[in-house]
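Beneath this line is the structure, given in structure tokens, with notes to follow.
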Amino acid sequence: MKELRCPHCNKVFNVDESDFAALLSQVKNAEFDAELTRRLHELEQNQQARLQAEKQAEAARQEAERARLAAEQQLQIQTFQSQIQTLQAQIQQAEQQKQLAVMEVRQKATESYMRLEAQLKTAQEQVEYYKDMKVRLSTKMVGETLEQHCSTLFEQNLRQMMPNAYFEKDNEVVEGTKGDFVFRDKSDDGVEYISIMFEMKNENDATATKHKNEDFFAKLDSDRKKKNCEYAVLVSMLEPESELYNGGIVDVSHRFEKMYVIRPQFFIPIITLLCQTSKKSLDAKRELMLAKAQQVDVTDFEEKLAKFQEGFGKHVLSAHKNYEEAIRQIDTSIRSLEKVKEALTTSANQLRLANNNAMDLSVKKLTYGNQTMKAKFDEARKNDQK
């Protein structure tokens, strides 16, 4: 048996082993339950605290994300506003440029219209002038007046601008024909860069036979070539109702090379236009002149060389004949000398034989077979010995 004291009433009571085991089991279960309850409470508190912390962290993250998105949105808004301002400035600038362009176009259109009106007025005045002039002048005087008119235009408008230019009546008749005027101009260094043959044609309305411009193309082209001109220009009042010739400068190069037909009001423009075009090829013309000069030099050299070769050939031919004559005479002399040589050689052989015979000659041989001479020589030897 075991004694146990109650902690509340301080009463002592006895318990056996089985009761004690039961009480001990109750105490342990109670403590376990209490500890479990406490632990569960702590876990619950910890879980709540963790959940609360996670909620706060998530709330803070969401708040930071909202702040970041708000900042990005604000930046985008500022960027869009800046772009809108830039586009508005560009639109304003484009509008200003458009207005300036419109004003400039209007101004140019106004100026062009005024120029056209002035040109139209001038053209009308010239038409009236020529109509009136045709009524008053004969056919010959009509043509001469047109030439005088073009000459006056040149002197008034181009002479000071082209101090090196030549513009004169073509008075040189070549193969029975000539043009009306020849125009040439040179650069400051003397290189001719343009030349024009002009033909002026006019006709009185009362003239019975009406000519066409093309009636004079072939002659004008021929005159151009005879005078070595690069261009040909027909200044014509013929076919006054023709829309083609009244429209401006007419290029007829498809029929005749570098040929144009104009009304008198285009006389100054055609010269200016052709001069500007030809000046672009001035360097090429300089090179061509240099090449031609070099060709002339080569030709002169070749001519001099040909003359030298011709004279040298004559001298060589004469020398060759003299050489052949000398060779012939030398050959004749050689043949004569060979004959002399042969004779001399024969004489030398004979002299050699004679010398040999002389050297081989002795008293013994001379006295051989001659007893009298032998006795004489023997006697002379004995006398010499005494």
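Just so we're aligned: 339 in numbering that gives the first Met the number 0 is position 340 of the sequence shown, and the numbers increase by one with no gaps anywhere. The beta-carbon is built from N, C-alpha and C at its ideal position, and this holds for glycine as well. Predicted model only: the values in this text are computed from it and were never measured.
Residue i vs residue j beta-carbon contact at 8 Å
| i | j | result |
| --- | --- | --- |
| Phe197 | Asp179 | yes |
| Tyr259 | Ile270 | no |
| Asp222 | Lys168 | no |
| Leu277 | Tyr192 | Reading off the sequence, residue 277 comes out as Ser, not Leu. Their beta carbons are under 8 Å apart, which means Ser277 touches Tyr192 by this criterion. |
| Lys211 | Glu238 | yes |
| Asp220 | Phe255 | yes |
| Lys257 | Glu229 | yes |
| Val190 | Lys225 | no |
Identified DSSP bridge partners for residue i
| i | result |
| --- | --- |
| Ala59 | The partner list for Ala59 (beta bridge, DSSP) is empty, contrary to what the question assumes. |
| Tyr259 | Val232 and Asp250 |
| Glu167 | Val181 |
| Ile83 | None, per the DSSP bridge assignment. |
| Thr176 | Val173 |
| Ile195 | Phe182 and Tyr230 |
| Lys200 | Ser235 |
Rounded straight-line distance, which links the Cα of residue j to that of residue i
| i | j | result |
| --- | --- | --- |
| Ala454 | Gln55 | In this structure the chain extends from 0 to 385, so residue 454 is not present and cannot be described. |
| Phe79 | Gln89 | 15 Å |
| Leu145 | Lys107 | 34 Å |
| Ser137 | Thr151 | Bear in mind that the predicted position of Ser137 carries a pLDDT of just 42, short of 50, making it too unreliable to give a figure here. |
| Ser194 | Ala100 | 42 Å |
| Leu86 | Glu103 | 25 Å |
| Leu289 | Asn227 | 18 Å |
| Arg114 | Phe153 | 21 Å |
| Met140 | Lys97 | Because Met140 carries a pLDDT of 44, less than 50, the predicted location of this residue cannot be relied on, and no value is offered for it. |
| Met160 | Cys274 | 12 Å |
| Glu64 | Gln44 | 29 Å |
| Gln72 | Ala58 | 20 Å |
| Gln123 | Met236 | 14 Å |
| Ala117 | Ser111 | 10 Å |
| Ile267 | Asn156 | 8 Å |
| Arg158 | Asp250 | 26 Å |
| Gln92 | Ser81 | 16 Å |
| Pro166 | Asp188 | One point to set straight first is that residue 166 is Phe, not Pro, in the sequence displayed. Their backbone Cα atoms lie some 19 Å apart in a straight line. |
| Ala66 | Ala52 | 20 Å |
| Gln77 | Arg37 | 58 Å |
| Leu68 | Gln84 | 24 Å |
| Asn170 | Arg105 | 51 Å |
| Ala33 | Gln47 | 21 Å |
| Leu119 | Ala164 | 30 Å |
| Gly175 | Thr109 | 53 Å |
| Ala217 | Met199 | 14 Å |
| Glu94 | Leu272 | 39 Å |
| Ser186 | Pro162 | 10 Å |
| Glu62 | Glu41 | 30 Å |
| Arg60 | Ala20 | 57 Å |
Buried or exposed by the 16-neighbour rule on C-beta atoms within 10 Å, applied to residue i
| i | result |
| --- | --- |
| Leu39 | exposed |
| Val234 | buried |
| Val315 | Low local confidence applies: a pLDDT of 47 at Val315 is under 50, so the model's placement there is unreliable, with the coordinate-based value given in what follows. Answer is exposed; the Cβ neighbour count stays below 16. |
| Asn9 | exposed |
| Ala231 | buried |
| His148 | buried |
| Asp184 | buried |
| Arg262 | buried |
| Glu378 | exposed |
| Asn201 | buried |
| Leu74 | exposed |
| Leu287 | exposed |
| Val181 | buried |
| Ala205 | Confidence is the limiting factor: at Ala205 the pLDDT is only 47, short of 50, which leaves the residue's position unreliable, though a coordinate-based value still follows. Burial call: exposed. |
| Phe311 | In this prediction, Phe311 scores a pLDDT of 49, lower than 50, which makes its location untrustworthy; no coordinate-derived value is stated. |
Validate contact between the region 237–245 and the region 271–287 using beta carbons, cut 8 Å, 3 pairs: no
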